[in-house]
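First up is the structure itself, then whatever we jot down about it.
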Amino acid sequence: NLTREITNELISDAIQTPPQLTQSLSIAVHRKTSGNVLFILQFLSSICEEEFLFFSSELKQWQWNTEMIESKKIADNAIELMLRKILQLPRHAQCALKFMACLGHYCEEFILSSMSGQSEIGDFECTDIFASLKIAAMEGLVDQMGSNYKFGHDQIQLAAYSLIPENERGNWHLWIGCRVWENKSASPDKALFIVVSQLNKGASRMTDTLQMIQLAGLNLQAAEKSISLGAFVPAEFYLKKGIGLLGQKPW
7 NLTREITNEL ISDAIQTPPQ LTQSLSIAVH RKTSGNVLFI LQFLSSICEE EFLFFSSELK
67 QWQWNTEMIE SKKIADNAIE LMLRKILQLP RHAQCALKFM ACLGHYCEEF ILSSMSGQSE
127 IGDFECTDIF ASLKIAAMEG LVDQMGSNYK FGHDQIQLAA YSLIPENERG NWHLWIGCRV
187 WENKSASPDK ALFIVVSQLN KGASRMTDTL QMIQLAGLNL QAAEKSISLG AFVPAEFYLK
247 KGIGLLGQKP W
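Each number in my numbering comes from the position in the sequence shown (counting from 1) with 6 added on.
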């Protein structure tokens, strides 16, 4: 967490105001955020939206209402803060963030394209995942790096994932795993590990014995690929997972 002095420097730079003039604002912000950088940035954005912090065109400088800032409630933790921001987005953008959260902190475009154009999972619909992620990017929730996407902070991923009810998460992972496997031709090796990871997370929702046997086979493929790359710890995990899927009497 940042000290009060560093917080003041950050705010001074952000609003282009000499640090000796931003002390009262920085003290109030630091008191509300405890110096957490993510809290500070989101809190500043929030008080701007509520016009507790505003630029006076008449005075040609930033002004703020310290009393209103001091009285403003703030989320108890970063995940709650991010949840509030995500829930302000259109439902299709929320859905896109949930898909991405299932995949992890970082995701390549070819994986996301497997889901674009598909619709209806849970109560949401997301027919153009890239257009939806563009909205999230404009809000600073995700960053686009070339053809890849990543969450702006790991707490944002956790917040997006938490929006999926626990009893539905397995179905989301199964759905994603199946879509990626159907479109694996763009990068078969990368797709294999992503598919196995997603299907393993959703395995508890599987009821068909054949599906479990097929997933065990995919775990074997992932283990063999891992061994060829010298990654023996992941290989052991995939082998154990595959064996577990076969039940008490696999033979």
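Virtual Cβ for every residue (Gly too), placed ideally from N, Cα, C.
Predicted, not measured: the structure shown is a model, and the values here were computed from it.
Per-residue burial, Met121 [other beta carbons within 10 Å of its own, 16 or more giving buried]
Numbered from its first residue, the sequence shown carries residue 121 at position 115. Result: buried.
Should Gly183 go down as buried or exposed, given a rule of 16 or more other Cβ atoms within 10 Å for buried?
Translated into the one-based positions of the sequence shown, residue 183 becomes position 177. In summary, Gly183 is buried, with 16 or more beta-carbon neighbours lying within 10 Å of its beta-carbon over all protein chains present.
Classify Gln48 as buried or exposed, calling it buried when 16 or more other Cβ atoms lie within 10 Å of its own Cβ.
Mapped onto the sequence shown, residue 48 falls at position 42. Buried, by the Cβ-count rule.
Classify Gln94: buried if its beta carbon has 16 or more other beta carbons within 10 angstroms, exposed otherwise.
Taking the sequence shown and counting its residues from 1, one reaches residue 94 at position 88. Exposed, because fewer than 16 other Cβ atoms sit within 10 Å of the Cβ of Gln94.
Distance, Cα to Cα, Leu31 vs Gln161?
Here residue 31 refers to the residue found at position 25 of the sequence shown. Here residue 161 refers to the residue found at position 155 of the sequence shown. Roughly 26 Å between the two C-alpha positions.
In the structure shown, what three-state DSSP assignment does Lys156 receive?
The residue you call residue 156 lines up with position 150 of the sequence shown. Looking at Lys156 - three-state DSSP - the assignment turns out to be strand.
Tell me, please, which residues DSSP counts as bridged to Val148.
In the sequence shown, residue 148 corresponds to position 142, counting from 1. Paired residue(s): Phe157.
In three-state terms, what does DSSP make of Glu57?
Here residue 57 refers to the residue found at position 51 of the sequence shown. The answer is coil: DSSP assigns Glu57 none of H, G, I, E or B.
To the nearest angstrom, report how far apart Gly208 and His179 are at their CA atoms.
By 1-based counting over the sequence shown, the position of residue 208 is 202. By 1-based counting over the sequence shown, the position of residue 179 is 173. Going from the Cα of Gly208 to the Cα of His179 covers about 5 Å.
Pick from Gly152, Phe136, Phe157, Ser153 that is closest to Gly146, judged by C-alpha positions
Here residue 146 corresponds to residue number 140 of the sequence shown, with the count starting at 1. Of the candidates Gly152, Phe136, Phe157, Ser153, the one whose C-alpha sits nearest the C-alpha of Gly146 is Phe157.
Residues of its chain near Val43, where Cβ-Cβ distance is below 7 Å and the 5 sequence neighbours each way are ignored
Within the sequence shown, residue 43 is the residue found at index 37, counting from 1. Closer than 7 Å at Cβ, skipping near neighbours: Leu8.
Leu235 to Ile249, Cα distance in whole Å?
For the purposes of this step, residue 235 is taken as residue 229 along the sequence shown, with counting starting at 1. For the purposes of this step, residue 249 is taken as residue 243 along the sequence shown, with counting starting at 1. C-alpha separation (whole angstroms): 21 Å.
Touch check for the stretch 100-115 and the stretch 54-69: three-plus C-beta pairs under 8 Å?
no
Sort Pro240, Val202, Lys231, Thr213 by Cα distance to Ala222 and report the nearest one.
For the purposes of this step, residue 222 is identified with residue 216 of the sequence shown, where counting begins at 1. Ranking Pro240, Val202, Lys231, Thr213 by Cα distance to Ala222 puts Val202 first.
Count the other C-beta atoms from every protein chain shown that fall within 10 angstroms of the C-beta of Arg90, then say buried if there are 16 or more, exposed otherwise.
Position 84 of the sequence shown, counted from the first residue, corresponds to residue 90. Exposed, since its Cβ has fewer than 16 Cβ neighbours within 10 Å.
Pick from Ile170, Gln100, Lys78 that is closest to Val148, judged by C-alpha positions:
Walking along the sequence shown from the start, residue 148 turns up at place 142. It is Gln100 whose Cα lies nearest to the Cα of Val148.
Between which two residues does the beta strand (DSSP E) harbouring Glu114 extend?
Counting from 1 along the sequence shown, the entry for residue 114 is found at position 108. Taken as a continuous stretch (DSSP letters only), the beta strand (DSSP E) holding Glu114 covers 112-114.
Selection from Leu118, His36, Val239 that minimises the alpha carbon distance to Glu76:
Walking along the sequence shown from the start, residue 76 turns up at place 70. Ranking the options by Cα distance to Glu76, first place goes to His36.
Could you tell me whether any Cβ in chain B is nearer than 9 Å to the Cβ of Ile21?
Structure shown: chain B not included; a single protein chain is present.
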